[in-house]
Each structure stands twice: as C-alpha cells, then as structure tokens.
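Numbering follows the UniProt record's numbering, with no gaps: position 253 of the sequence shown is 253.
Glycine included, every Cβ here is placed at the ideal spot set by N, Cα and C.
What follows is a set of notes on a single structure, which appears directly below.
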Amino acid sequence: MTSPRASQTCVAFRLGALGDVVLTTGVLDWWHRQYGYSFIFITRPGPASILRGHPAIERVVPIPEERLHGTSWLQTALQLSREYAGKPLLDLHGTLRSRLLSTLWRGPVERYPKFGLQRRLYHRLRLEPFRRFLERTNVPQRYSLALENIPPEPEELLPQIRTDHRDQARANVLLQGCSRPLVALHPYATHPDKAWPREHWRVLARLLTDAGLDWFVMGHNGSPLFPDRTPESSGDAPGRDLTNTTSLSEACALLSRSDVLVTNDSGPMHLAAGVRTPVAALFGPTSRAWGFYPAGPHDVILERPMTCRPCSLHGKNHCSNHRECLRGITPQSVLQAVQTILASAAASQPPR
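Structure below.
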C-alpha cells in the first residue's frame with residue numbers, strides 16, 4: 001500500500017446512494033487531519049451540496065447521470081484521467097465503472113476493500129465466521145483501508161457536514177414556533193421494505209406530544225406522512241410536516257437544530273451524524289454486518305433478533321413476512337429510545 005505524499009491533493013471517487021457518499025466525509029477528514037491530504041471529490045450531482053465547505057475537500061466534480069453510462073462514461077473517464085494526471089486516485093466505490101476509471105488513470109490508484117464476497121456468502125449461508133468478520137469494521141473503517149493498514153476507531157471517522165448561514169436561516173423559518181427538546185422524524189426509505197409502518201409513525205407523533213416533546217417530519221416522498229400539516233396546507237404558519245420542503249443542505253440545517261432524529265435505515269441517518277445529532281435508528285431487513293449502523297456516542301439502534309434477518313443486502317427484496325422485523329418495533333419502545341438519548345446527551349454536557 002503506497003500512501004500519497006504529505007499534504008498532497010488526491011482524487012476521491014464515490015457515487016452510490018446518499019449515505020454512501022456521506023460516510024466518506026469522516027474518512028477524508030481523518031486523512032486531512034493526520035496527513036494533510038486534500039481532495040478533489042468526483043460524485044453525482046445530488047450529494048454535491050453537502051460536500052461543499054468540507055475542510056478536506058478542495059473541489060467537488062459532479063458528473064451528470066447521462067455521462068455515467070456506456071461510451072459516455074468511457075469518454076468522461078478519459079477526460080478525468082487527463083485532467084488530473086499525476087494525482088493519486090482513491091477508488092471508494094469498487095464497481096466496474098470505477099475500475100474502468102482506475103485502468104485509464106494516469107497516476108497511482110488505491111482501492112478500498114468492499115468485502116463483497118464475504119457479504120454475499122454471509123447473506124446466503126448465515127455462517128458465524130462471516131458475520132464476525134464483517135462486524136469488525138463499519139463502512140467508514142472499510143473506506144479507510146484504502147490507505148490504512150489498521151482502521152481507526154469508528155468514532156474517529158464520524159461524518160463531517162458543514163451548513164452555511166443561508167441554510168440555517170431557512171431552518172429558522174421552518175422551525176418557527178417549535179420548542180425544545182425537538183425531535184426530527186424521517187419516516188421514508190428508498191426501498192419500502194426498510195420503512196417502519198406509517199401507522200407506527202403516527203402513533204409515535206402522538207406519544208411525543210403527550211410526553212411534552214416537540215417534533216416535525218422531514219424528507220422527500222410522494223405522500224407526506226401528515227398531508228394536512230404541511231406548510232402549503234396551513235397558510236402562512238409552518239406546519240409540522242416539512243416533507244418535500246427542503247434541499248439537501250437545508251435538511252442538514254434542520255437536523256443540526258434537532259435534539260434527536262428518529263429514522264429508518266436511510267441517508268438522513270448519516271446526515272444527522274454529520275451534524276452531531278444523535279439518532280434512534282430502526283433496522284429491519286439489513287444488519288450490522290453490512291456496516292451502516294450509526295456510531296455516534298448517543299445513538300440507539302432498534303431492531304429485533306429474527307432468524308430471517310438480514311434478508312437483503314440493500315433492503316430491495318420484498319418481505320414475505322409482512323415486515324414483521326420492523327412492525328414488531330413498537331412506538332412505545334421508540335419513545336423510550338428518544339428519552340434515553342435525550343437523557344444521555346444531557347448528562348454528557350459539561351456543567352455551566
């Protein structure tokens with residue numbers, strides 16, 4: 001393994017889902033603090049806004065979707081290899097697309113171990129040695145192995161996201177009238193079988209209100225959880241359901257103003273980590289072995305020990321058991337997790 005020279009600028013490549021990109025930010029920060037490396041980050045346009053302002057990232061290069069396929073990607077990869085010739089490439093994706101870029105790259109290339117074979121064997125065979133092997137590292141630690149022989153501890157690699165004054169001003173407007181403690185709710189998931197049932201979310205909202213905790217809904221979905229409480233439906237006064245209201249960077253600002261996020265296994269779970277908001281995370285078809293569990297000091301993971309878990313690598317498979325792994329997590333247990341997080345975070349604050 002050949003590390004870049006101290007204070008060198010490297011090129012980092014990571015596409016994938018939002019969470020995949022967010023989880024690179026703590027690793028880049030670690031390399032920046034330890035070795036002085038800076039990065040040019042190549043990704044899709046969607047996550048680009050949350051990378052800007054990161055202390056380790058000099059430039060973000062967003063690649064439009066139409067340039068990521070077929071001969072267009074070949075031409076794009078050739079262009080990138082010429083433009084950044086001589087700079088080390090860190091392949092933090094490990095797909096055929098990134099391997100093509102690596103083959104054409106005019107400089108050193110380092111790649112992180114995806115442990116794809118181990119993940120698939122564990123998924124198929126459920127053998128304990130594979131589970132134990134995979135649970136030794138989370139995804140940020142696996143990213144770090146592109147340059148490190150031994151991964152840093154998970155808390156050293158927590159995501160890092162900066163918000164600017166415009167996003168914070170927007171959050172102020174949207175949260176006008178909300179009180180503390182404030183709980184953010186993200187009830188949506190890219191894959192439906194990773195989502196806690198909607199009726200549970202509605203019960204949880206009532207329980208939070210009864211417990212004296214304020215809350216709001218965030219995220220993007222074609223069907224808001226509380227359509228009668230959106231800003232559009234409530235005139236000039238902001239509603240509690242802010243679904244489809246914010247940009248990605250504004251969502252980060254909302255999370256930074258929250259005391260807890262309750263969420264499915266989703267990108268916003270990692271956004272919250274990036275602004276140091278603890279999470280109560282609901283896991284069903286996926287598992288710790290995949291490496292995506294949150295690692296913050298006050299985070300709580302809610303899951304059920306079922307023999308059918310994990311049933312999917314990414315949560316895409318349709319559940320034949322009616323999502324019992326998620327349905328069996330009660331709103332009362334989630335409320336208790338929220339209260340535990342609030343108490344734990346309060347106890348860790350230095351005395352005034």
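If you check the beta carbons only, do Leu-342 and Val-260 fall under 8 Å apart?
Your numbering for residue 342 matches position 342 in the sequence shown. Your numbering for residue 260 matches position 260 in the sequence shown. Contact: yes.
Count Cβ pairs between the segment 275-290 and the segment 201-210 that sit closer than 8 Å; are there 3 or more?
no
Local conformation of Leu-89 per DSSP, three classes:
Residue numbering aside, residue 89 sits at position 89 when the sequence shown is read from its first letter. Secondary structure of Leu-89 (DSSP, three-state): strand.
Beta-carbon proximity of Ala-251 to Leu-271, cut-off 8 Å:
Locating residue 251 in the sequence shown gives position 251, counting from the first residue. Locating residue 271 in the sequence shown gives position 271, counting from the first residue. Yes, the pair counts as a contact, with Cβ atoms nearer than the cut-off.
Measure the CB-CB distance between residue 365 and Ala-56 and report whether it falls below 8 Å.
No information on residue 365 is available, as it lies outside the stretch 1 to 352 that the chain covers here.
Using CA atoms only, rank isn't needed, just tell me which of Arg-198, Cys-319, Gly-19, Met-218 is closest to Pro-331.
The residue you call residue 331 lines up with position 331 of the sequence shown. Nearest of Arg-198, Cys-319, Gly-19, Met-218 to Pro-331, Cα basis: Arg-198.
Taking a contact to mean a Cβ-Cβ separation below 8 Å, would you say Asn-264 touches Ala-195 in this structure?
One-based indexing of the sequence shown puts residue 264 at position 264. One-based indexing of the sequence shown puts residue 195 at position 195. Their beta carbons are under 8 Å apart, which means Asn-264 touches Ala-195 by this criterion.
Count the other CB atoms within 10 Å of the CB of His-93; is the residue buried (16 or more) or exposed (fewer)?
The residue labelled residue 93 in the question sits at position 93 within the sequence shown. By the neighbour-count rule (16 or more Cβ atoms within 10 Å), His-93 is buried.
Gly-26 - DSSP class collapsed to helix/strand/coil
Indexing the sequence shown from 1 puts residue 26 at position 26. Helix at Gly-26.
With a 10 Å radius around its C-beta and 16 neighbouring C-beta atoms as the bar for buried, classify Ile-150 as buried or exposed.
Here residue 150 corresponds to residue number 150 of the sequence shown, with the count starting at 1. It counts as exposed.
Segments assigned alpha helix (DSSP H), at least 4 residues, entirely inside the segment 73-141
96-104, 116-125, 128-134
Closest to Arg-33 by C-alpha separation, out of Leu-90, Trp-290, Ala-6, would be which residue?
Locating residue 33 in the sequence shown gives position 33, where the first residue counts as 1. Measuring from the Cα of Arg-33, the nearest candidate turns out to be Ala-6.
Could you give the distance in angstroms between the alpha-carbon of Ile-301 and the alpha-carbon of Thr-340?
Indexing the sequence shown from 1 puts residue 301 at position 301. Indexing the sequence shown from 1 puts residue 340 at position 340. Between Ile-301 and Thr-340, the C-alpha separation is close to 12 Å.
Looking at the strands, I want to know which residues DSSP matches up with Asp-241.
For the purposes of this step, residue 241 is taken as the residue at position 241 of the sequence shown. In DSSP, Asp-241 forms a bridge with Val-217.
Can you tell me which of Ser-287, Arg-288, Ser-348, Leu-282 puts its alpha carbon nearest to the alpha carbon of Ile-329?
Reading the sequence shown from its first residue, position 329 is the one you call residue 329. Distances from the alpha-carbon of Ile-329 to those of Ser-287, Arg-288, Ser-348, Leu-282 put Leu-282 closest.
Would the beta-carbon of Pro-285 be found less than 7 Å away from any heavy atom of the ligand NAP?
In the structure on display, the ligand NAP does not appear, and there are no ligands present to speak of.
Selection from Thr-286, Ala-253, Leu-147 that minimises the alpha carbon distance to Gln-168:
Along the sequence shown, read from residue 1 onward, the residue named residue 168 stands at position 168. Considering only alpha carbons, the answer is Ala-253.
Going by DSSP, name the residue or residues bridged to Pro-62.
Along the sequence shown, read from residue 1 onward, the residue named residue 62 stands at position 62. DSSP output for Pro-62 lists Thr-43 as bridge partner(s).
Please specify which runs of the alpha helix (DSSP H), each continuous and at least 4 residues long, are wholly inside the segment 296-337, giving them in chain order.
Runs of the alpha helix (DSSP H) inside the segment 296-337: 324-327.
Indicate the three-state DSSP secondary structure (helix, strand or coil) for Asn-172 in the structure shown.
As a position in the sequence shown, residue 172 is number 172, starting the count at 1. Helix.
Buried versus exposed call for Asp-20 [16 or more other C-beta atoms within 10 Å across all chains shown]:
Indexing the sequence shown from 1 puts residue 20 at position 20. Answer is buried; the Cβ neighbour count reaches 16.
Would you list the one or two residues that DSSP bridges to Thr-263?
For this step, residue 263 is matched to residue 263 along the sequence shown. Beta-bridge pairing links Thr-263 to His-186, Ala-281.
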